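Heads up: the structure comes next, in C-alpha cells.
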Ligand code: ADP
Ligand code: MG
C-alpha cells in the first residue's frame, strides 16, 4: 500500500489552529488588547464596526516592531515573550504562545502599521488569509495599529454562525471590561460604529470600576484587602443591598488576568450568606496575586479557568477576608432613596408574613348579560386592583371603546374555545379546587383528578398573553405617578435598547434611555411598583442568556422571561377564585399541557389509577 500520510500545508494548519483561538470577534479583541498591554502601551484605542464583523482595530503607543519582527509576528509559534520552557513558570506577560496573530491572519484581512522608538519610518503589512499582499515602509506614529477586517471571510460556516451585531458587541464589551478593569493605569478609548462608548482615563482601580459601570458604583464598593503567604487579595465587593439577579459584575483576576473560578465564586457567595437572597449574586472585583509557579497558566488560549495549587486555603482566606470587610463597612445602614426598600428586611423575615394574593373578580359578572364592563385581563391573580386616582391606565381606551357586547364576546370565546372541560363531553369540571402544599391546584374532573402545577401553569398563561401583546402591541400600561429612575450599566443599556419596543408592547414605558439612568414611567398591569427594578434586572439577565443560547425569536424569549419572572411562584397561597381563574386560563391556552420551558403543567390521575392503588 502507498504512503498516505501528508503534512498539512501551513495555511491549512493555521486555519485549523485559528478555530481554537478565534471563536468570535471578541476573541480577536482580547488577543489584540493583550498584545498592546504586553508591548507596554499607556494608551490603547479599540475601534469596532458591526459587532466586530466588519472591523476590529487596536491602536497602541507601545514598543512597536522592527520590520523583521513585524513579518515574523504572523508566523505560528513566533513570540518574543518566552524563549524556553522554564519561562513558562515565571510568566509576566499575557501572551506566550505566539499563536494569536498567525491564527487571526489565517481567517481575516489584516492591516498592520508599526514603528519602534529608534527608527524614523515604520512598516506597513497587509495580509489576507496568511498571505502577505503588501509590505512597504510607512510614516506612522510610534507603536502598533492592527486592523482586522472581514473576519472568517474564508470560512463561511463560521461567519454564518456569528450572532447579531448587538450580541457580538456585548461579547466584545465583556472582553474590554476584563482588560480595562485590571489595567487602570492604561488609558482606553473604545469606539463602536463611529461613536465613543468608553473613554477611560488613567486612574486607580476604584475609579476605573466606576468609569466602566457608572458613577453610582463608587458608593457601592467596599474595599477588600488581605495579604497572606499564599495569596494577596485586593479589590472591592459591592454592598449586599446592591446584589443583582444578573451575573456580570463578578470579576476575579489572578496575576492581572481575568479568570473564572466557580469554586472561588462560591467562597464569595458563602461570605455573603444571610445578607442576600439566594437567587441574587453579589458584585465583586477581586484582584488576586499568587506566586506564578503556584498557578497553572498552561491553559487553553481561550479558556479562563485556572488551577491553583492550594485551592482550599484560597477558599478559606477569601471567605474570611470578605466577611471581615462586610463586617467592617456594612454596619451602618445606608440612606439611599434609590434603593429598593424590600431589601432592608432580611429576607428570612420577609417571607414569613405571607401576603394573600388579591384577585379582581367581578362576582356579578354574567357572560350572558351584555351590559358588563370587563377590565381585568388574564394573569392578574396577584395584582391588587387599580386604586382609583393612583393609576392612570394608558392604552385602556382601546378596550373601553369597543362596545360592551363585543368585549363580552371575546371573553366568552376565550372560555369556550379551549376549555378543557367543554372540549370533551366526558370531562366535566365540578368547579371545586383546592391548593396542595402551596404548589399544586387540585381539582376533580369526571374521569378522576387533575393536579396542576401552579407556577408552571401560570407561566404558560402569561407566556401566551405576553406573546400576543408583544406581537399585536396591546399590553395595558399602568402609569406611574412618580416615574422611577433606575440606573444601568452601558452593557445593560444595550440589552434594554434591544428589547425596548417589545417591553413597550407589554406595557413598560421608558423615558430617556441615554446616560446611566433610565426613567420608567409605566409598567404592565400585573407588575407592582415595588418590584420593578428587580424584575427589569432579571429580565435583562435572563434575556441575555436565553437569547444567546438559542435562536428562537426575540418575542418568544422575552415573553418567556417575563412569564418566568412574573408568574405565581411555588409557595404562594392562592385563594379559591385565583385557583379557579388559573385553571380556566390554563385551559384557555393554545398549548395548555406544557410550560414555556417544556415541562408538564398538569397531570391527570384517573379513577382507574386510584382504584389500582386500593386493590
Ligand atoms: P504572543 O502574544 O503569544 O507572543 P502573538 O501572536 O499574539 O503571540 O504575537 C506575536 C508577537 O508579535 C509577540 O510576541 C510580539 O513580539 C509581537 N506583537 C504582537 N502585537 C504587538 C504589539 N501590539 N506591539 C508590539 N509587538 C507586538
Ligand atoms: Mg498575544
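In the numbering used here, the protein residues as written are 5 to 619. Every residue gets a Cβ at the ideal spot worked out from N, C-alpha and C, and that includes glycine. None of these values were measured; they are calculated from a predicted model.
- Here residue 281 carries a coil assignment [DSSP, helix/strand/coil].
- Counting only residues of its own chain and dropping the five nearest sequence neighbours on each side, residue 53 has a CB closer than 6 Å to the CB of 59, 197.
- Shown here for residue 206: same chain residues with a beta carbon closer than 6 Å to its own, the five before and five after excluded, namely 189, 191 in chain order.
- Around the beta carbon of residue 253, 16 or more other beta carbons sit within 10 angstroms, so the residue counts as buried.
- Secondary structure of residue 32 (DSSP, three-state): helix.
- By the rule of a C-beta closer than 6 Å to any heavy atom of the ligand MG, the residues picked out are 35, 38, 39, 99, 104.
- Here residue 161 is exposed, its C-beta having fewer than 16 other C-beta atoms within 10 Å.
- In this structure, the beta-carbon distance from residue 514 to residue 498 does not fall below 8 Å.
- In this structure the stretch 104-114 lies against the stretch 143-155, because at least three pairs of beta carbons, one per stretch, are closer than 8 Å.
- Taking C-beta separations shorter than 6 Å and ignoring five residues to either side along the sequence, the partners of residue 134 in its chain run 15, 18, 109, 110, following chain order.
- As a beta-bridge residue in DSSP terms, residue 193 pairs with 49, 203.
- CA-to-CA, the gap between residue 179 and residue 34 works out to about 6 Å.
- Note on geometry: alpha-carbon atoms of residue 102 and residue 531 lie some 54 Å from one another.
- In terms of side-chain proximity, the C-beta atom of residue 72 is found no nearer than 7 Å to any non-hydrogen atom of the ligand ADP.
- The beta carbons of residue 562 and residue 506 sit closer together than 8 Å.
- Ranked by Cα distance from residue 569, the options 601, 27, 580 are led by 601.
- Excluding its 5 nearest sequence neighbours in each direction, residue 535 has no C-beta neighbour in its own chain below 6 Å.
- Taking the C-beta atoms as reference points, residue 200 is found no nearer than 8 Å to residue 28.
- Leaving aside the five residues that flank residue 21 on each side, the residues in its chain whose CB is nearer than 8 Å to its CB run, in chain order, 80, 103, 106, 107, 110.
- Distances from the CB of residue 252 to the heavy atoms of the ligand ADP are all 7 Å or more.
- Taking 8 Å as the upper bound for CB-CB distance, residue 62 and residue 37 are in contact here, some 6 Å apart.
- Using a cutoff of 7 Å, the CB of residue 101 counts as near the ligand ADP, since one of the ligand's heavy atoms is closer than that.
- The criterion of a C-beta distance shorter than 8 Å is not satisfied by residue 56 and residue 159.
- A contact between stretches requires three or more CB pairs, one per stretch, nearer than 8 Å, and the stretch 582-598 fails this requirement with the stretch 481-489.
- DSSP places residue 88 outside any beta strand (DSSP E), giving it a letter other than H or E.
- Taken atom to atom, the span from the alpha-carbon of residue 241 to that of residue 290 is near 8 Å.
- Closer than 7 Å to some heavy atom of the ligand ADP: that does not describe the Cβ of residue 260.
- Residue burial annotation: residue 5 is exposed, with fewer than 16 other C-beta atoms found within 10 angstroms of its C-beta.
- Relative to the ligand ADP, residue 84 has its C-beta within less than 7 Å of a heavy atom.
- With a contact defined as Cβ atoms closer than 8 Å, residue 68 and residue 146 qualify at about 6 Å.
- Residue burial is scored here from C-beta neighbours: residue 218 has at least 16 other C-beta atoms within 10 angstroms and is therefore classed as buried.
- Inter-residue distance for residue 215 and residue 204 is about 7 Å (C-alpha atoms, whole angstroms).
- Taking the Cα positions, residue 74 is about 9 Å away from residue 128.
- Distance from the CA of residue 83 to the CA of residue 174, rounded to the nearest whole angstrom, comes to 30 Å.
- Residue 148 sits close to residue 64, with the two beta carbons spaced by under 8 Å.
- The C-alpha of residue 573 is placed about 7 Å away from the C-alpha of residue 458.
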